[in-house]
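Residue 68 is where the sequence shown starts when you use my numbering, and the numbers rise one by one after that.
The C-beta atom is built at its ideal place from N, Cα and C for all residues, glycine as well.
Every value quoted in this text rests on a predicted model; they were computed, and no experiment measured them.
Input: a single structure, listed below in structure tokens.
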Amino acid sequence: MASILLTIGEPILSDVISRLVDKATTSDFLHYVRKENLEALIPSCCSSFSLSNVKFGSKLKDITTRLEEIVKQKNNLGLTEKPYTKLEKRNATPSLNIALLQEKLKERLSLKKFLIVVDDVWNENVDDWETLCLPFITGVPGCKILVTTRNKFVMTTMNVTPHHLEQLSVEDCVLIMQDYALGALYRVIKEDFSGTRMLSYDVLHTILPEFKCLKVLSLHHYAISELPNNIDVLKLLRYLDLSWSHITRLPDSIAALYNLQTLILYQCSYLIELPQNIINLTELHKLDLADTKNLLEMPSGIRSLTKLQTLSKFIVSKGDKHQIQELQGLTRLRGKLSIYGLDNVQDIKDVRSANLKGKERLDDIALIWSNEFYDSRNTELEMQVLDLLEPNKNLKVLKIESYGGNEFSSWLGNPCFANLERFTLLRCKKCKLLPSLGRLPLLKYMCIEGNDGIERVGPEFFSGSKSFPMLDTLEFDNMVDFFATVLIK
């Protein structure tokens, strides 16, 4: 199915209709129209192309004009509202006398040739259809009623042979877009018959040069695996959303979008790398890489994106010994930050320079090591890394995953983290004692999962008689031995 979503003026409607009519005027369709008797023609066009997605400006003006036309037609037909008593007015809505309306319409159409168009019909009631047709029986041979519907049962109700309109081709879509390419915000969608959103590379490559003034482009949830290289023609682009797409790589030409402020790659599970020259996007405020499971490294020099406020994912890769210090220059970070690959850190000085404690606008932090506990992992180094990754006191959410140290840092459970509300400890298999969390006044949710080394809960966990004053959810999972110890003691 091909359809177009855009925000431009009303003239595009007539162009779309014209192209649909061109598709409709086949020999079969003309054979129907030339018949000398009244009949209903029901093209199921809306199952292939919907005009309901076209958004119009001046909507209020259109409605007002239409209402004025209806009033004039009512006056011309001599129609009046049925008088009501006070009681009726309280319990009923005034309406036109349908019998009088039909009679007047029948008189006006008598011995005349007409075409009646009934658009987007959903009513499946046979009696209603027969009532609607009563005024039209006086027409001369050649009169027609054209009905459009998206409901196949309507066709059954009217007992006619439908005429199916073909979908607009990609070429037709491109031509329409080119005719109205005046910098309007648009989105082209191509859907296959299974309902999966597809987007043609060729369509994008063709139409992008026509939209050089575009500032926002959203390809959210479309099955597009690559962007065309001519994306660089969109010099004014500020917002690019590729979330949930099938993108594997971004073209190097994306670095030419020097006005880009937001790049969303959330849930791009096929993404395997970012171009090195993405660091040239110095106006970038938001880079959302959350849930990009196959993205395993960051481009070197990301510290140059000093205006970044949102960086949802940062990766310490094996090949770059000093990469974590790239966080030093990103002083404006806020919201959520997940740091992956902390087992790849080799120099403790680099961790100190990352300065998470000084990034006071970060309130959601995840510290994640590899879930493979291979022998070469340095237990002492990982303990030092965790010590130096102490967050700021405004933290609300903290997750520590696959940490390989023998014990947790002393800053965990420090009362200075008075704003902490959620805490998750996942697969920290070498630690034998839980951190002291009982003194955290706002902690509401705590999840302890897969921590095989923990055998007991000691007094240090509770931190006094008034522990966990706000805790309402406590989850222990995949810790069978731990549960047995608790139950015994």
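Check: For Pro295 and Leu309, believed in contact at Cβ under 8 Å, the rounded distance; Outcome: That belief does not hold up - the Cβ atoms of Leu309 and Pro295 are roughly 13 Å apart, past 8 Å.
Check: Straight-line gap, Val214 to Trp189 (C-alpha atoms, nearest Å); Outcome: 11 Å
Check: Proximity to Lys385 [Cα-Cα], best of Leu301, Glu364, Thr398 and Lys424; Outcome: Glu364
Check: Simplified DSSP assignment, three categories, for Val300; Outcome: helix
Check: Reference Arg217; option with closest CA among Leu199, Val185 and Val207; Outcome: Val185
Check: Reduced DSSP category for Leu429 - H, G, I as helix; E, B as strand; rest coil; Outcome: strand
Check: Nearest to Gln334 (by Cα), restricted to the options Tyr268, Asn326, Leu409 and Thr359; Outcome: Thr359
Check: Cβ distance (whole Å) where Glu468 is taken to contact Arg494 below 8 Å; Outcome: 6 Å
Check: Exposure label - Pro458; buried when at least 16 CB within 10 Å; Outcome: buried
Check: Reduced DSSP secondary structure (H/G/I, E/B, other) of Lys416; Outcome: helix
Check: Neighbour-count burial assignment, Met537, 16 or more Cβ in a 10 Å radius; Outcome: exposed
Check: Cβ contact (3+ pairs, closer than 8 Å) linking the segment 427-439 and the segment 402-409; Outcome: yes
Check: Own chain partners of Glu449 with C-beta closer than 6 Å, once the 5 adjacent residues on each side are dropped; Outcome: Gly471 and Gly472
Check: Val184, enclosing beta strand (DSSP E) - first and last residue; Outcome: Leu182 to Val188
Check: Cutoff 7 Å; reference Leu409; Cβ partners in own chain excluding five residues on either side; Outcome: Val383, Leu434, Ile435, Trp436 and Val452
Check: Neighbour-count burial assignment, Met476, 16 or more Cβ in a 10 Å radius; Outcome: The sequence given here has Ser at residue 476, not Met. Classification for Ser476: buried.
Check: Collapsed DSSP secondary structure at Glu233 in the structure displayed; Outcome: coil
Check: Which listed residue (Tyr441, Lys463, Asn438 and Val418) has its alpha carbon closest to that of Glu427; Outcome: Lys463
Check: Coil, strand or helix - Thr349 by DSSP; Outcome: coil
Check: Tyr268 burial status per 10 Å Cβ neighbour count (16 or more: buried); Outcome: exposed
Check: Proximity winner among Gly425, Asn297 and Ile291, relative to Gln395 (alpha-carbon distances); Outcome: Gly425
Check: Beta-carbon proximity list for Ser530, same chain, < 8 Å, skipping 5 on both sides; Outcome: Gly480, Ser503, Leu504, Gly505 and Arg506
Check: Where Phe116 falls: helix, strand or coil (DSSP); Outcome: Low per-residue confidence applies at Phe116: pLDDT is 36, beneath 50, and the placement is therefore not dependable, though the value from the model is reported in the following sentence. It is coil, neither helix nor strand.
Check: Close beta carbons around His272, own chain, < 7 Å, minus the five adjacent residues each side; Outcome: Pro295 and Asn297
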